[in-house]
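S.K.: Yeah, the sequence shown ends on 1068 if you go by the working numbering, and it's all consecutive.
Think of the CB as a built atom: it goes at the ideal place given N, C-alpha and C, for glycine as much as any other residue.
Since the structure is predicted, the reported quantities are computational estimates derived from the model, not experimental observations.
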Amino acid sequence: MTIDGNHATPGRMNLRQRLDWLFVTICVARYPIHTGAGELAVAYIAATGMPYTTHRGLLRSRHLTKDLAELHERGLVKREIVVLRQGGRIAVVNKYALTAKGRDQAKVIIARTICVELIPAAEDVYT
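1. With a 10 Å radius around its C-beta and 16 neighbouring C-beta atoms as the bar for buried, classify VAL1018 as buried or exposed.
2. Could you tell me the alpha carbon to alpha carbon distance between VAL1023 and VAL1033, rounded to whole angstroms?
3. Run through DSSP, which three-state label would ALA1032 get?
4. Using three-state DSSP, classify LEU960 as helix, strand or coil.
5. How many angstroms separate the CA atom of ILE1050 from the CA atom of THR1040?
6. Bridge partners for GLU1021 per DSSP, in chain order?
7. Straight-line CA distance for ASN955 to GLU1011?
8. If the criterion is Cβ atoms closer than 7 Å, does the pair TYR972 and LEU981 meet it?
9. Can you give the Cα-Cα distance for ALA987 and CYS968, rounded to whole angstroms?
10. Applying the criterion that 16 or more other CB atoms from any shown protein chain within 10 Å of the CB defines a buried residue, is ASP1008 buried or exposed?
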């Protein structure tokens, strides 16, 4: 997947696929999970194919913000407002973490992903 212009290529994920991707990412915790996390935005854009903008040299995705808010509205993640200070700048961002309900849902998604992706591949090896 490459990022070209203001669109990531090739196709875009639907809402369910994007939310599943976010669940797995939050569960694995490879990135800081907040709306100001540049690493998360880059990975999200590359994985989902959603459009983005740049602001002060950083990639931003309104879909990432909306998807995290959607998970919060469903009660699957809790949101905490965090103030980040760097030099003379101050930024207020929303930080997210899985709730108990969210952890249960993440386990289901991870199990489904493993079953879909790994089991057919194992069958191909033995046939």
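M.R.: Reading from the atomic positions:
1. If you number the sequence shown from 1, residue 1018 lands on position 77. By the neighbour-count criterion, in which a residue is buried when 16 or more other Cβ atoms sit within 10 angstroms of its Cβ, VAL1018 is buried.
2. Translated into positions along the sequence shown, residue 1023 becomes position 82. Translated into positions along the sequence shown, residue 1033 becomes position 92. Going by the C-alpha atoms only, they are around 6 Å apart.
3. Residue numbering aside, residue 1032 sits at position 91 when the sequence shown is read from its first letter. Strand.
4. Looking up residue 960 in the sequence shown gives position 19. Helix, per DSSP.
5. Reading the sequence shown from its first residue, position 109 is the one you call residue 1050. Reading the sequence shown from its first residue, position 99 is the one you call residue 1040. Taking the straight line joining both Cα atoms gives about 15 Å.
6. Translated into positions along the sequence shown, residue 1021 becomes position 80. Its beta-bridge partners are LYS1036.
7. Stepping through the sequence shown from its first residue, residue 955 is reached at position 14. Stepping through the sequence shown from its first residue, residue 1011 is reached at position 70. Each residue's Cα considered, the two are about 14 Å apart.
8. Indexing the sequence shown from 1 puts residue 972 at position 31. Indexing the sequence shown from 1 puts residue 981 at position 40. For TYR972 and LEU981, yes; Cβs fall inside 7 Å.
9. Mapped onto the sequence shown, residue 987 falls at position 46. Mapped onto the sequence shown, residue 968 falls at position 27. Going by the C-alpha atoms only, they are around 19 Å apart.
10. Taking the sequence shown and counting its residues from 1, one reaches residue 1008 at position 67. Its Cβ being crowded by 16 or more others within 10 Å, ASP1008 is buried.
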